[in-house]
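Colleague: Residue numbers (our numbering), protein chains in the order written: chain V, 1 to 224; chain U, 1001 to 1225; chain B, 2001 to 2246. Note that CB positions come from ideal geometry on N, CA and C, so glycine has one too. A quick note: this is a predicted structure, and the numbers were derived from the prediction, not measured. Next up is a structure, given as structure tokens.
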């Protein structure tokens, strides 16, 4: 058998790729934002005074970290009709991906909160700062610095994980690869192109992380 | 008529076995491959180091699902070798596991000070002997706990094999669902089984960590599937 | 002095669960007094300070600061905190801000003052604590003694009516203790009202106008420092003082 790698065979499908890449990107961005919000709520829950709330927060995190994303996606996808809600594939994927990623975000944010010493809260209080001021000027900048690197990893993880949305019929880059491969039998090319899209997305995040980090955290401010 | 769910129990158990077998095999191959790559990253030759780095970076940026697609659909076309879904899934999972393991092993090797290498080599040991008698036993304490995390990740990722038609735990759950009344119960059971397996493994890993007194991270960063 | 007291404790009791930390404490502090609290560890000296600005709540009695009642969880606590400066044992500087930013933050965001005015005052304060050359450094780049002097400048920046020092030199290397004590001495000479929890008996004797000896949540003795050191009236104070003065 003789297979010649010819990228030209993929040309007719590039229009569809653009839409697929947009889907992957939008799905990832929305999931990252939603999971940041949910994850923050869970992290706050895990520091609550109520033991029950702390426990519920911990259960959520463990559930999400120990269950495959694919199973969660199927659950959301099939639960909709069961509950009488009409959810599109995209919305199911968005919900599943966000819920799953929130479990990881919660842990990242919790670690950031834990890293702020009690003395910082006391110093801020003794200066008369309100809870909002303490959060804005004292807690948030310190938490942000701690979570900066793991947050970047999580963003990349969400981009990669968004490929599973193709399993519930979202037409993203992974689904594009399979469609093109099975219609044109040019699997090598479609794989290479799809892989390139994901690598480009992930490495852009890495690059942005590096540049923004350099800009925000100048020397000296690193060590505590 | 409600379905007699209990009758599916033997099927669920054997499917769980299949998933564990697939994941274990992938982890094993991944551990061997990962160790090789970690050693390459410490090689004297720059070219080898670069290749090894590209390998790990690449698998951190490509979804394992499309690697699996390629192994199953692409490889027969390109190379004329037919892979069963099982083989394709194992290879794809092992490739990803090896890139994760290479980072774990690298951290383990780095945890052993340079002085240990020098001391051992100066006593006339070969590189293999140094690894086996001096570095290995010290590094393994750092390597084992996060390896548990890689195992959990691999188990979760093994669910992707269902997409290329391999009948493991997830596929079995979906099939039972289609055979039954199409309710959510099989999917919930599926989630519960995965959770139980992984949670137990992570508890075991926690015990291991405490025993070795290392603060490893059980969950691999950047691996959520 | 006939001035109204700056601070007034009336049978203040503080409990942590079943443990009584402060037991019926009554105390009155007049303007320009330098009150040094001494006594064994864990006898409630730091807790007493932390009750003044509501970092801890109290279970009995009453605290009044400049005539207004101190209530830890009430909105009114903010007004107290704006007028009380606190210096902590472990400095608690904000690690993500430079020394100058540490000093400027609260006057700007809490007191709503203009940046230019605050910055000018902050620079004067850095001169006062002899750290003008370290203004742009981050806390991690400063020695313990330098950090504590920045913390003092930070507390002074809001023009407080009362300064509280909670073991300000206990976490410092011996060679930097002197710099911090020198700054505190200057502040005392300015006629500021200060509460100081300290183990530096020499400092307390030289600078303090009053020495309060506490043991097991109670005030055991309250006298001018020289008098207490030369002639303690209680056996416990005598034992403690001889044990630390050697």
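So for residue 22 of chain V, helix, strand or coil by DSSP?
Modeller: helix
Colleague: How would you list, in chain order, the residues of chain A whose beta-carbon sits under 7 Å from the beta-carbon of residue 141 of chain V?
Modeller: Chain labels in this structure do not include chain A; the protein chains are V, U and B.
Colleague: Mind checking whether residue 2054 of chain B and residue 2015 of chain B have CB atoms under 8 Å apart?
Modeller: No, the Cβ-Cβ distance between residue 2054 of chain B and residue 2015 of chain B is not below 8 Å.
Colleague: For the candidate residues U:1090, U:1022 and U:1097, whose alpha-carbon lies nearest to that of residue 1072 of chain U?
Modeller: U:1090
Colleague: Give a yes or no on whether 8 Å exceeds the smallest Cβ distance from residue 92 of chain V to chain U.
Modeller: So no, residue 92 of chain V is outside the interface.
Colleague: Is residue 8 of chain V helix, strand or coil when you go by DSSP?
Modeller: helix
Colleague: For a cutoff of 8 Å on Cβ pairs, would you count residue 2165 of chain B as touching chain V?
Modeller: no
Colleague: Bridge partners of residue 2211 of chain B, per DSSP?
Modeller: B:2036 and B:2223
Colleague: What residues in the stretch 36-54 of chain V bring their beta carbon closer than 7 Å to a beta carbon of chain B?
Modeller: none
Colleague: If we cut at 8 Å on Cβ distances, does residue 148 of chain V have a partner in chain B?
Modeller: Chain B contact via Cβ: absent.
Colleague: State the CB to CB distance for the pair residue 2051 of chain B and residue 2034 of chain B, rounded to an integer number of angstroms; the pair is presumed to be in contact (CB under 8 Å).
Modeller: Incorrect: roughly 19 Å between the Cβ atoms, too far for contact.
Colleague: Of all the CB atoms in chain B, is at least one closer than 8 Å to the CB of residue 129 of chain V?
Modeller: yes
Colleague: Going by C-alpha distance, which of V:156, V:23, V:3 and V:8 is nearest residue 246 of chain V?
Modeller: An answer regarding residue 246 of chain V cannot be provided, because it is not within the stretch 1 to 224 covered by chain V.
Colleague: Using DSSP's beta-bridge definition, name the partner residues of residue 2020 of chain B.
Modeller: B:2015
Colleague: Kindly indicate if chain U contains any beta-carbon less than 8 Å away from that of residue 198 of chain V.
Modeller: yes
Colleague: Considering only residues of the same chain and omitting the five flanking positions on each side of residue 45 of chain V, which have a CB-CB separation below 6 Å?
Modeller: The residues are 53 and 57.
Colleague: Relative to the C-alpha of residue 2216 of chain B, which residue among B:2012, B:2018, B:2172 and B:2023 is closest?
Modeller: B:2023
Colleague: Please list, in chain order, the chain B residues whose beta carbon lies closer than 7 Å to that of residue 119 of chain V.
Modeller: Under the 7 Å cutoff, chain B gives 2088, 2090 and 2092.
Colleague: Check residue 2061 of chain B in the structure and name its three-state DSSP category.
Modeller: strand
Colleague: Threshold first: 3 residues or longer. Then list the beta strand (DSSP E) segments lying entirely within the stretch 2137-2182 of chain B, N to C.
Modeller: 2162-2166
Colleague: With a 10 Å radius around its C-beta and 16 neighbouring C-beta atoms as the bar for buried, classify residue 2204 of chain B as buried or exposed.
Modeller: Within a 10 Å sphere around the beta-carbon of residue 2204 of chain B sit 16 or more other beta-carbons, which makes this residue buried.
Colleague: When the Cβ atoms of the stretch 136-147 of chain V are set against those of the stretch 97-116 of chain V, are three or more pairs found closer than 8 Å?
Modeller: Taking a cut-off of 8 Å for Cβ pairs, the stretch 136-147 of chain V and the stretch 97-116 of chain V touch, as three or more such pairs fall below it.
Colleague: Short of 6 Å in beta carbon distance, which residues of its chain neighbour residue 1237 of chain U, apart from the five on each side in sequence? Order them along the chain.
Modeller: Look at the range of chain U in this structure, 1001 to 1225, and you will see that residue 1237 of chain U is not part of it.
Colleague: What's the C-alpha gap between residue 1189 of chain U and residue 1179 of chain U?
Modeller: 15 Å
Colleague: Looking at the C-beta of residue 2205 of chain B, does it have a partner C-beta in chain V at a distance below 8 Å?
Modeller: no
Colleague: Determine the contact status of residue 2094 of chain B and residue 155 of chain V, defining contact as a CB-CB distance below 8 Å.
Modeller: The answer is no: Cβ separation not under 8 Å.
Colleague: Hey, does residue 2105 of chain B have any beta-carbon neighbour from chain V nearer than 8 Å?
Modeller: yes
Colleague: The beta strand (DSSP E) with residue 2084 of chain B in it runs from where to where?
Modeller: 2084-2087
Colleague: Less than 8 Å between CB atoms is the rule here; does residue 111 of chain V satisfy it with respect to chain B?
Modeller: No, residue 111 of chain V lies away from the interface with chain B (no Cβ there is under 8 Å from its Cβ).
Colleague: Between which residues of its own chain and residue 2188 of chain B is the CB-CB distance below 7 Å, once the five residues before and five after are set aside?
Modeller: 2034, 2194 and 2207
Colleague: Between V:61, V:105, V:197 and V:151, which lies nearest to residue 210 of chain V when the distance is taken from Cα to Cα?
Modeller: V:151
Colleague: Can you name the start and end residues of the beta strand (DSSP E) that residue 2194 of chain B belongs to?
Modeller: Its beta strand (DSSP E) spans residues 2194-2197.
Colleague: Report all residues from its chain with a CB closer than 8 Å to the CB of residue 2149 of chain B; omit the five preceding and five following residues, and keep chain order.
Modeller: 2129, 2130, 2131, 2179, 2180 and 2183
Colleague: Residue 2045 of chain B CB to nearest chain V CB: under 8 Å?
Modeller: no
Colleague: Would you grab the beta carbon distance between residue 1065 of chain U and residue 78 of chain V for me? Rounded to a whole angstrom, and I think it's under 8 Å.
Modeller: No, residue 1065 of chain U and residue 78 of chain V are not in contact; Cβ-Cβ is about 20 Å, not under 8 Å.
Colleague: Is the separation between the beta-carbon of residue 2088 of chain B and that of residue 2151 of chain B shorter than 8 Å?
Modeller: Their beta carbons are under 8 Å apart, which means residue 2088 of chain B touches residue 2151 of chain B by this criterion.
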